[in-house]
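All residue numbers for the sequence shown refer to my numbering, where the first residue is 1 and numbers rise by one.
From the three backbone atoms N, C-alpha and C, an ideal C-beta is built for every residue, glycine too.
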Amino acid sequence: MQSKKKRKLFARRRRKMENLLDDIIAYENGEMEWDSVVVFFQKLINNGMAWSLQGHYGRTAMAMIEEGYCVRKK
Numbered sequence: 001m002q003s004k005k006k007r008k009l010f011a012r013r014r015r016k017m018e019n020l021l022d023d024i025i026a027y028e029n030g031e032m033e034w035d036s037v038v039v040f041f042q043k044l045i046n047n048g049m050a051w052s053l054q055g056h057y058g059r060t061a062m063a064m065i066e067e068g069y070c071v072r073k074k
């Protein structure tokens, strides 16, 4: 039973990473509408990845926070 729970957890984490990768690719290819960009950066801020990806993401996240589009996670 324990291994079934682990498999489900692994599958859920994998889907999240695949979705994040899809979002990064769409963003970098300029395929996102503005509303989707805001949601994408809010997700990156919430999960802390905005500060660990390349510098552009952190700078853009900070700018979006300062301009009121996103909020810093508390």
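The three-state secondary structure of M32, taken from DSSP, is coil. Counted as a single uninterrupted DSSP element, the alpha helix (DSSP H) harbouring G55 occupies residues 55-66. Around D23, the same chain offers F40 as residues with beta carbons nearer than 7 Å, after the five sequence neighbours per side are excluded. As the crow flies, the alpha-carbon of R14 is around 16 Å from that of M49.
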